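Undergrad: In our numbering, the protein residues as written are 34 to 478. Just so you know, even glycine gets a beta-carbon here, dropped at the ideal spot from N, CA and C. Owing to the predicted nature of the structure, the values given are computational and were not obtained by experimental measurement. Below: one structure in C-alpha cells.
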C-alpha cells in the first residue's frame, strides 16, 4: 500500500461573492451614521436640530482621514504589547495590493479596511447624543480626532486585533458590544461629567421636536444594522453570518415589544419614542452576542435589554447627570447587558463551541466577558473625561449660556432647521433667529 500523503491546507482564494457581500455591508454600516443623525436630530429641540445632525456627519469626514493616515494600522496592524497595533506599510494605505487578502479570509485587505472604517465612524458619533444643545462644534471636532486616536483605535485592537489582549483572552464581541457601544456610552458619561448639565435641565421641557424623524432614524439604523452585524463574520460560507442576521431581527423585535410593555405598565402609554428606543436597545444588545446565542437566546437577550434599558434611562434624573438623548441608558447599559449575557446564553453552536452557564459551560465565559466589559468601560470613561477636561480648559468645550438659550444652530452654524417665515431655504438673521426661538418655545410647551 502506498504511504498516505498529507496535503497542506489550501490557502484562501479571493471570493467575488464574499467581496461583493462585504462591500454591500460596508455601505449599510455607513448609512447608519446619517440614520443616527436623524434619530438624534428628531429627539432634540428645534433650535438644536442642525447641530445634532452635524455632530454625526462631521465624524464621516474626520475619522475617514485619520483611518487612512494611521487608524487602520493602529487598530489592526501587527500587535505591539497586546495594547496597540502598527504596520508601517498600511500608513496612508499606500503599500497594500489590490488583491492582497485579509489573512485567513477570502476578501481583500481594502474591503476589510473600509468595512472597519464604517465602525470607526459611527462610534464617536454615538457619543454626540449625550452632549446635545451645549458643545462648541470646533471643540467637538477636536474631541472626535483625539478620542478616535487614543481610545477607539486601541480598544478596537484589544477586541478584534490579532494579539490584542481581549482577543487572546477569549472575550466574545461579534460586532462591537465592547468596542463600539460600551466604549461610546462610557465616553459619553465621562464627557458629560466634565461639561455639566444643559441650561434648564430638570426645569424646562426638553421634549423631542420631531418624532417622525426619530422613527425614520431608527428605521435606517435597524436596516443598516444587518450589515453591521452579519457583515462582521466577513463572509457567510458556514452560516454564522446568516445566524447573526436572523438573531439581529429577533432580538430587536423582542426589545421593542419589551420596552413598550414596560412603559405601558410604568407610564400608561405605548409611545413612538419608546418603540424607537427599544429597537435600538435590542440592536445594541445583540451586537456582541448574536453569533453565540440561539434564536430563542436572542429573544431573551432582546427582552432583557428592552426592559433594563427602559429602566436605565431614568437614572440621569436620579443621579443628576445630563445625558441628553440617553446614550448611557441605551448604549452603555445595552452593550453591558448584551456582552455579559453571552456568559449565560452562549449555545456552543454558533461562532464558537463556547457554552454559557445555561448550556452547561459554567461561568468561565462570563468572567471573561466581565474582564472585557469593565476594562473598556473604565478606560474609555477615564480617558474621555481627561480629553474633555483638557479641551474645556484650553479652548472651551461649551457655547455660552446666551448662545445655548437662543439656539446652538444659529450660534454655531448660522442656520435654522426650519424656515417659519415662508417659502425658501435657510435664512440667517436676527428676525428669523427670534422667530425660531419663539417656535421652539411653542414646541417645548
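1. Pairing CB atoms from the region 150-159 with CB atoms from the region 212-226, are three or more of them under 8 Å?
2. Indicate whether residue 379 and residue 450 have their beta-carbon atoms separated by less than 7 Å.
3. Name the two residues that bound the continuous alpha helix (DSSP H) containing residue 108.
4. Residue 238: buried (16+ other C-beta within 10 angstroms of its C-beta) or exposed?
5. Just to confirm my understanding: we take residue 273, look at its own chain, exclude 5 residues before and 5 after, and list those with CB closer than 7 Å. What are they?
6. Going by alpha carbons, who is nearest to residue 243 out of 333, 197, 73?
7. Could you tell me whether the region 165-177 touches the region 132-146, where touching means 3 or more Cβ pairs closer than 8 Å?
8. Taking residue 415 as the reference, give the member of 78, 296, 122, 224 with the closest Cα.
9. State the CB to CB distance for the pair residue 181 and residue 360, rounded to an integer number of angstroms; the pair is presumed to be in contact (CB under 8 Å).
10. Just the C-alpha distance for residue 128 and residue 102, rounded to the nearest angstrom, thanks.
11. Verify whether the separation of the beta carbon atoms of residue 112 and residue 234 is less than 7 Å.
12. What is the DSSP secondary structure of residue 271, counted as helix, strand or coil?
13. Please confirm if residue 309 has its CB atom under 7 Å from at least one CB of chain D.
14. Would you say residue 153 and residue 62 are within 7 Å of each other, going by their C-beta atoms?
15. Could you tell me the distance, in whole angstroms, from the CA atom of residue 461 to the CA atom of residue 177?
16. Output the distance between the C-alpha atoms of residue 43 and residue 109, rounded to the nearest integer angstrom.
17. Between the C-alpha atoms of residue 135 and residue 47, what's the straight-line distance to the nearest angstrom?
18. With distances taken from CA atoms, which of 198, 254, 186, 264 is nearest residue 207?
19. Taking the alpha helix (DSSP H) that residue 250 falls in, what are its first and last residues?
20. Within 10 angstroms of its Cβ, does residue 396 collect 16 or more other Cβ (buried), or is it exposed?
21. For my contact list, residue 255 and residue 312 are in at a C-beta cut-off of 8 Å; report their separation, rounded to the angstrom.
22. What three-state label does DSSP hand residue 460 in the structure shown?
23. Judging by CA-CA distance, which residue of 341, 315, 340 is the nearest neighbour of residue 331?
24. Please tell me whether, using a cut-off of 6 Å, the distance from the CB of residue 292 to the nearest non-hydrogen atom of the ligand HEM is below it.
25. How about residue 179 and residue 410: do their beta carbons lie closer than 7 Å?
26. With distance defined between alpha-carbon atoms, name the residue in 188, 369, 81, 371 nearest to residue 438.
TA: The answer reads as follows:
1. Output reads yes: the region 212-226 touches the region 150-159.
2. No, Cβ-Cβ distance for residue 379 and residue 450 is not below 7 Å.
3. First-last of the alpha helix (DSSP H) with residue 108: 105-109.
4. With fewer than 16 Cβ atoms within 10 Å of its Cβ, residue 238 is classed as exposed.
5. These residues qualify, in order along the chain: 266, 324, 383, 384.
6. Checked all of 333, 197, 73; the closest Cα to residue 243 is 73.
7. Verdict: no, contact absent.
8. Checking every option, the nearest Cα to that of residue 415 belongs to 224.
9. Residue 181 to residue 360, Cβ: 17 Å. No contact.
10. If you take the alpha carbons of residue 128 and residue 102, they lie about 12 Å apart.
11. The Cβ atoms of residue 112 and residue 234 lie no closer than 7 Å to each other.
12. Residue state, collapsed to three classes: coil.
13. Any reference to chain D falls outside this structure, which holds one protein chain only.
14. Using a Cβ distance threshold of 7 Å, residue 153 and residue 62 do not count as a contacting pair.
15. Annotation note: pLDDT 45 at residue 461 (below 50); position unreliable, no value reported.
16. Residue 43 and residue 109: Cα-Cα distance of roughly 24 Å.
17. Approximately 10 Å, taken between the alpha carbons.
18. The residue with the shortest Cα to Cα distance from residue 207 is 264.
19. Counting along the chain, the alpha helix (DSSP H) containing residue 250 begins and ends at 244-263.
20. By the neighbour-count rule (16 or more Cβ atoms within 10 Å), residue 396 is not buried but exposed.
21. At roughly 6 Å, the Cβ-Cβ gap stays under 8 Å, so residue 255 and residue 312 are in contact.
22. Only weak support exists for where residue 460 lies, its pLDDT of 43 falling under 50; the value from the coordinates is given anyway. Coil, per DSSP.
23. Of 341, 315, 340, the residue nearest in Cα terms is 315.
24. Summarising the ligand content, the structure contains no ligands, and the ligand HEM is consequently not present.
25. No.
26. Of 188, 369, 81, 371, the smallest CA-CA separation from residue 438 is found for 81.
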